[in-house]
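Reading through the structure tokens given below for one structure.
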Amino acid sequence: MTNALLPSQATHDEQMIALCLHGRSERTQRAYKADIARFLAFAGKPLPLVTLGDLQMFADSLDHLAPNSRKRTLSAVKSLLSKAQKIGYLQFNVGAALELSSTKNTLGERILSEEQVQRMLALETNGRNHAIMRLLYAAALRCDELCGLTWADVQTRDAGAVLQVYGKGQKTRYVLISQGTYDELRQLEGTRLPEAPVFVSNRGGRLADSQVWRIVKAAAKRAGLPAGVSPHWLRHAHASHALDRGAPISLVQTTLGHASVQTTGKYLHARPNESSGRYLSV
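At position 85 of the sequence shown the residue is numbered 72 (our numbering), and the sequence of numbers has no breaks.
If you want it as structure tokens, here you go:
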């Protein structure tokens, strides 16, 4: 008899999550609950509809995390999927195929050139998708920050606009965008209410993180770029290109919403063509 024929002890995702967390320490429950919520928000669909592709894209989206944080997040999701399959809530455990290998620091390999970014934008013919990628790059937004933007968060200024961005830990920051970027956003606004999301799905709802990932990956493929390109690569590109053009590291830190300038400083160490050795005579 397969699990698909067994009566499940859970009838919806919330019950399934509660069963998965039962018996764990309070600290682990808090961490796992946050990790699972992050995954479901990224996937934008209930657990029975999650695919291995969704899980792989989510794993890729965590590459910017410390190895231990990434491993814990994926462990929480894999534990949930395994438990769900065992009790019959899911027919298959797609998490079984995902390896928890540690990630090495390959930031230098994940920074697009300005020409590559421009090629992605030039080849995108869909207005909404073009605006999504332009804003990811121009404002250095994380994927969930972009999906969470409402029109009330876009405040007009003399030369462009200011975005009110809700980042990690519900910390708010303000990011300036140019007049050109703002004008492109306004083409999407129409008669929408202030509380409406800036970027909506084809069905009229708020975009899921996974949809933004598919948009960026499709654009990268058209531009002939590596398969691993993700929305976060545009954030990396913003930081690197801004520093290359002389932006103060403290300003880049503020724009990206980094708690520590040391985090921003990693972009200074990720330039394979830059070294103080170039200034020596040997």
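Note that the Cβ used here is the ideal one computed from N, Cα and C, for glycine as well.
None of the values given here were measured: they were computed from a predicted structure.
Cα-Cα separation, residue i to residue j
{"i": "A207", "j": "L99", "result": "10 angstroms"}
{"i": "E171", "j": "H(-1)", "result": "40 angstroms"}
{"i": "G244", "j": "V162", "result": "10 angstroms"}
{"i": "G191", "j": "V152", "result": "22 angstroms"}
{"i": "R25", "j": "L67", "result": "13 angstroms"}
{"i": "H9", "j": "T137", "result": "36 angstroms"}
{"i": "T15", "j": "P218", "result": "29 angstroms"}
{"i": "N189", "j": "Q198", "result": "10 angstroms"}
{"i": "N116", "j": "L87", "result": "32 angstroms"}
{"i": "T143", "j": "A229", "result": "23 angstroms"}
{"i": "L180", "j": "S165", "result": "23 angstroms"}
{"i": "G264", "j": "L150", "result": "Annotation note: pLDDT 40 at G264 (below 50); position unreliable, no value reported."}
{"i": "N92", "j": "A53", "result": "Confidence is the limiting factor: at N92 the pLDDT is only 49, short of 50, which leaves the residue's position unreliable and the question unanswerable from this model."}
{"i": "L(-7)", "j": "I119", "result": "Model confidence at L(-7) stands at a pLDDT of 43, short of 50, so the residue's coordinates are unreliable and nothing is read from them."}
{"i": "T242", "j": "T251", "result": "10 angstroms"}
{"i": "Q(-4)", "j": "Q157", "result": "34 angstroms"}
{"i": "V216", "j": "E111", "result": "15 angstroms"}
{"i": "C7", "j": "T38", "result": "19 angstroms"}
{"i": "G177", "j": "N80", "result": "43 angstroms"}
{"i": "R97", "j": "T159", "result": "27 angstroms"}
{"i": "S247", "j": "K73", "result": "42 angstroms"}
{"i": "L11", "j": "R209", "result": "Correcting the residue type first, residue 11 is Arg in the shown sequence and not Leu. Rounded to whole angstroms, R11 to R209 spans 46 angstroms at the Cα level."}
{"i": "G31", "j": "A21", "result": "15 angstroms"}
Among the options, nearest to residue i - alpha-carbon criterion
{"i": "E132", "options": "Q105, L194, A148 and R190", "result": "L194"}
{"i": "A84", "options": "D41, H51, A109 and L52", "result": "D41"}
{"i": "D47", "options": "S188, R201 and G167", "result": "R201"}
{"i": "L61", "options": "Q72, K70, A71 and F45", "result": "F45"}
{"i": "Q43", "options": "V64, N55, P54 and P33", "result": "V64"}
{"i": "G114", "options": "F186, V81, L39 and D196", "result": "F186"}
{"i": "E1", "options": "Y76, L52 and A53", "result": "Y76"}
{"i": "V147", "options": "R173, C7, P213 and A5", "result": "The sequence as given places Gly at residue 147; Val does not occur at that position. G147 has its Cα closest to that of R173, out of R173, C7, P213 and A5."}
{"i": "A28", "options": "E111, C130, Q78 and E13", "result": "C130"}
{"i": "L122", "options": "I236, T168 and N80", "result": "T168"}
{"i": "S227", "options": "Y124, K155 and D50", "result": "Y124"}
{"i": "R57", "options": "I23, A126 and K73", "result": "I23"}
{"i": "A71", "options": "A246, E101, Q157 and M3", "result": "M3"}
{"i": "L221", "options": "H51, S12, A21 and L128", "result": "L128"}
{"i": "Y19", "options": "A5, L110, L39 and E182", "result": "A5"}
{"i": "G211", "options": "H51, L39, P35 and A109", "result": "A109"}
{"i": "A183", "options": "V248, K204, A246 and C134", "result": "C134"}
{"i": "P35", "options": "P213, G82 and L49", "result": "G82"}
{"i": "V203", "options": "Q105, R11, L238 and K73", "result": "Q105"}
{"i": "E102", "options": "A224, R17 and V239", "result": "A224"}
{"i": "G154", "options": "G233, S69 and Q240", "result": "Q240"}
{"i": "K107", "options": "D231, P213, P235 and A126", "result": "As written in the sequence, residue 107 is Met, which differs from the Lys given in the question. Closest by alpha carbon: P213."}
First and last residue of the uninterrupted alpha helix (DSSP H) at residue i
{"i": "Q157", "result": "No alpha helix (DSSP H) contains Q157, which DSSP labels as neither H nor E."}
{"i": "S217", "result": "Per DSSP, S217 belongs to no alpha helix (DSSP H) and is neither H nor E."}
{"i": "E101", "result": "E101 to A109"}
{"i": "Y124", "result": "G114 to A125"}
{"i": "E13", "result": "E13 to A30"}
{"i": "A246", "result": "Per DSSP, A246 belongs to no alpha helix (DSSP H) and is neither H nor E."}
{"i": "R57", "result": "P54 to K73"}
{"i": "E1", "result": "D0 to L8"}
{"i": "A46", "result": "L39 to S48"}
{"i": "L77", "result": "Element bounds for L77: n/a, residue is neither H nor E."}
{"i": "E132", "result": "C130 to G135"}
Residue i - containing beta strand (DSSP E), residue span
{"i": "Q240", "result": "That residue, Q240, is in no beta strand (DSSP E); its alpha helix (DSSP H) goes I236 to L243."}
Counterpart residues of residue i in DSSP-defined beta bridges
{"i": "V149", "result": "Q142 and L163"}
{"i": "R193", "result": "V187"}
{"i": "T168", "result": "For T168, which the question treats as bridged, DSSP gives no partner whatsoever."}
Any chain D beta carbon closer than 9 angstroms to residue i
{"i": "E13", "result": "Absent from the structure is chain D; it holds one protein chain and no more."}
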